[in-house]
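Written below as structure tokens is the structure these notes are about.
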Amino acid sequence: MATTLQDLSTDEKSILDKINQLADQVDPLSTKIQLSDTTNLYDELLRWKTEAYRIIDQVYEQKRIHLQTIIEEHKSKQAKTISDTKDVLLQLQMKGHATREELEQLEQTLNNVQKTIDKFIVIKTKSLDTNNSVIVELNDDCKSPNLTQSRPTQEFTFSHLNEDDFKSDGLRSYAKYRNLGIAKATNGMVLAHVIRFIPPFRPEE
Numbered sequence: 097m098a099t100t101l102q103d104l105s106t107d108e109k110s111i112l113d114k115i116n117q118l119a120d121q122v123d124p125l126s127t128k129i130q131l132s133d134t135t136n137l138y139d140e141l142l143r144w145k146t147e148a149y150r151i152i153d154q155v156y157e158q159k160r161i162h163l164q165t166i167i168e169e170h171k172s173k174q175a176k177t178i179s180d181t182k183d184v185l186l187q188l189q190m191k192g193h194a195t196r197e198e199l200e201q202l203e204q205t206l207n208n209v210q211k212t213i214d215k216f217i218v219i220k221t222k223s224l225d226t227n228n229s230v231i232v233e234l235n236d237d238c239k240s241p242n243l244t245q246s247r248p249t250q251e252f253t254f255s256h257l258n259e260d261d262f263k264s265d266g267l268r269s270y271a272k273y274r275n276l277g278i279a280k281a282t283n284g285m286v287l288a289h290v291i292r293f294i295p296p297f298r299p300e301e
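Numbering of the sequence shown is given in this note's numbering, commencing with residue 97 and proceeding in unit increments.
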């Protein structure tokens, strides 16, 4: 004679109650995910962008002032060199003669000044490593296992429960969450129903 729900053991009923509790959590969680507010995440990214621009502006201003200082110092130094060279040439003109070494030195000085007029400062820049300055990823506590990978099947066996009881009683609701198998017991006469599911399970439409 087939066993009804009333004949289920306490452990078997406890398992069914637990499955019901888990099933009741599915839809609310799905709704919560869809309605979750992610505005704060975009705000955080915007704050990073704003701070990055602020730092870039700050560095730019520092380098601009540094560049201006170098230019002024270089101009002052070169102006003195030209002034000194002019004085030497004036003295040579007054003397009316100069040695070959003096002429070569003056020529070299003027050539050096000419070279530095067009390009006396080099600005070297490097691309900003923006990809590594901001990282977007799941919190370790929120990372879910790869659901596409093979997962162990959990089996709950309700012995001596026939198929008619399953269809007519409250167990019918579990049809959405399992694959039902009917296997013969060792004596070849009594049927056992096995509920199999791979968590987390999803109700069929």
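All residues carry an ideal CB built from backbone N, CA and C; glycine is no exception. As the structure is a prediction and not an experimental result, all values here were calculated from the model.
Helix, strand or coil for residue i, going by three-state DSSP, please let me know.
i, result
"Asp107", "helix"
"Ile231", "coil"
"Lys220", "coil"
"Asp225", "coil"
"Lys211", "helix"
What is the rounded straight-line gap between the Cα of residue i and the Cα of residue j?
i, j, result
"Thr165", "Lys215", "16 angstroms"
"Ala119", "Thr127", "14 angstroms"
"Asn228", "Leu206", "49 angstroms"
"Arg160", "Tyr138", "33 angstroms"
"Ser179", "Arg196", "21 angstroms"
"Gln117", "Lys222", "58 angstroms"
"Leu125", "Gln154", "46 angstroms"
"Val122", "Thr146", "39 angstroms"
"Ile152", "Leu141", "17 angstroms"
"Ala194", "Lys182", "14 angstroms"
"Ile115", "Leu224", "53 angstroms"
"Tyr156", "Glu198", "45 angstroms"
"Asp107", "Asp113", "10 angstroms"
"Arg150", "Gln158", "12 angstroms"
"Glu189", "Ile219", "Checking the displayed sequence, the identity of residue 189 turns out to be Gln instead of Glu. Using only the alpha carbons, I get a separation of about 41 angstroms."
"Ser105", "Asp133", "44 angstroms"
"Ser172", "Leu234", "57 angstroms"
"Ala148", "Thr135", "20 angstroms"
Excluding sequence positions up to five away, which residues of its chain have a Cβ less than 8 angstroms from the Cβ of residue i?
i, result
"Gln210", "none"
"Glu217", "Just to set this straight, residue 217 is Ile in the shown sequence, not Glu. If we look at Ile217 and ignore the five residues flanking it on each side, its Cβ neighbours are Leu163, Ile166, Ile167, His170."
Is the shortest distance between the beta-carbon of residue i and the beta-carbons of chain B less than 8 angstroms?
i, result
"Asn136", "Any reference to chain B falls outside this structure, which holds one protein chain only."
For residue i, which residues of its own chain have a beta-carbon under 7 angstroms away from its beta-carbon, when the five flanking residues on both sides are left out?
i, result
"Lys109", "none"
"Thr177", "Thr205, Val209"
Under the assumption that residue i contacts residue j (Cβ atoms under 8 angstroms), give the Cβ distance between them as a whole number of angstroms.
i, j, result
"Leu185", "Leu202", "7 angstroms"
"Gln174", "Thr226", "Not quite, the Cβ-Cβ distance comes to about 39 angstroms (not below 8 angstroms), so this is no contact."
"Trp144", "Val232", "No, Trp144 and Val232 are not in contact; Cβ-Cβ is about 10 angstroms, not under 8 angstroms."
Taking only runs of the alpha helix (DSSP H) that begin and end inside the stretch 128-205, which ones reach a length of at least 4 residues, in chain order?
-> 135-191
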